[in-house]
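Under my numbering, the first residue of the sequence shown is numbered 1, with each subsequent residue one higher. C-beta: ideal position from N, C-alpha, C; glycine also. To keep things clear, I will list the structure first and then write my remarks on it.
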Amino acid sequence: MRVYRAGHIPRTELRSPEERRPPSAPRRRRRWVPLALLALFALLVLYALFTLLGTQRVVLLGSDARPEDEASRSDTIMIAAVGTDNGAGMLSVPRDTLVEIPGHGQDKINAAFAYGGPELTVETLESFTGRSIGNYVVIRFEGVEEIVDAMGGITLDVQEPLNVDGVSLQPGLQTLNGEQALAYVRYRGGPTADIGRIERQQRFLQAAFSEVTSPANIPDLPGVIRATWNSIETNMNPVELAIFGVRLSLARGEMTAELYPGTPQYIDGISYWIPDTATGRQTVENTID
């Protein structure tokens with residue numbers, strides 16, 4: 001029970017109920033509304049820009065060559081495309097695929113890299129698929145290690161035990177460091193040999209594009225860009241490459257990845273991948289059109 005001294009009545013007791021109510025807190029301005037509208041506008045602008053750009057195709061080549069190896073062959077050959085009917089696609093062409101190389105007759109497709117570098121490889125793939133490509137990116141396999149370490153690792157579901165270059169991996173979902181990821185994309189053992197390696201490389205690229213654009217990995221992005229740029233050779237300028245990378249990352253959920261169909265065959269004791277061009281036409285449409 002409160003006791004008041006005579007002649008002392010607190011001011012609050014003289015106030016009406018309305019006056020005694022605490023002042024209402026000022027309403028926070030809904031700043032998120034203009035920000036959301038701005039973000040929506042930016043997305044619409046990007047969508048319009050990417051739509052105007054149409055379909056972009058880039059040849060991705062992986063090479064184990066050392067700098068002194070002038071006539072090396074490419075170990076990985078893929079065509080990545082964005083702005084396709086399905087959003088994005090990736091077509092892998094086995095390195096032993098028997099094709100016509102302009103100016104050099106029939107040979108394995110990876111021989112085009114030895115004959116005329118990435119430029120002749122692009123020309124050969126354009127003739128083989130009947131599609132305009134133009135651009136290429138060559139990545140050193142050693143660069144994979146640097147890029148993955150810059151990302152802080154990459155999460156992959158390893159399908160089978162593998163042991164290569166002193167690195168052993170067991171099946172299961174796990175986060176690989178750069179050295180382990182390099183072993184993963186290089187491994188050619190097991191019953192599926194080179195075809196299995198192509199499938200692993202496709203899974204690796206899809207996971208890499210997904211993780212590098214994750215909000216949690218944004219702080220690592222400058223280091224990833226630097227490691228990537230130091231590990232590649234390309235005829236695209238940084239802006240062109242960045243736009244292609246952003247488009248590919250945004251469409252990663254819609255990406256279709258396939259292998260150019262064919263059958264393995266020995267000719268004169270040499271292993272080839274004989275392409276099934278009839279089925280291959282549909283595969284090309286599914287992935288890079």
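In the structure shown, Asn235 falls within a coil segment according to DSSP collapsed to helix, strand and coil.
Taken in chain order, the complete alpha helix (DSSP H) segments of 4 or more residues contained in the segment 110-140 are 111-129. For Ser127, the closest C-alpha among the options Leu241, Ala278, Leu250 and Ile101 is that of Ile101.
A straight-line Cα-Cα distance of about 12 Å links Leu221 and Asp149.
A residue is called buried when at least 16 other Cβ atoms come within 10 angstroms of its Cβ; Asp75 meets this threshold and is buried. For Arg186, the enclosing alpha helix (DSSP H) starts and ends at Gly178 to Arg186.
Around the CB of Gly178, 16 or more other CB atoms lie within 10 Å, so the residue is classed as buried.
Per DSSP, Ala88 is one residue of the beta strand (DSSP E) stretching across Gly87 to Ser92. In the DSSP assignment, Val82 forms a beta bridge with Gln56 and Ala88. Here the segment 77-84 makes no contact with the segment 146-166; the two share fewer than three CB pairs at distances below 8 Å.
A distance below 8 Å between beta-carbons, with the five flanking residues on each side excluded, links Gly54 to the following residues of its chain, in chain order: Gly83.
Between the alpha carbons of Ala278 and Leu98 lies a gap of roughly 15 Å.
A direct Cα-Cα distance of roughly 10 Å separates Glu240 from Asn135.
Under the 10 Å beta carbon count, Ala193 is surrounded by fewer than 16 other beta carbons and is classified as exposed.
Secondary structure note for Asn286: its alpha helix (DSSP H) is the uninterrupted segment Thr277 to Ile288. Contact between Val164 and Arg131 is ruled out by a C-beta separation of about 34 Å, above the 8 Å threshold.
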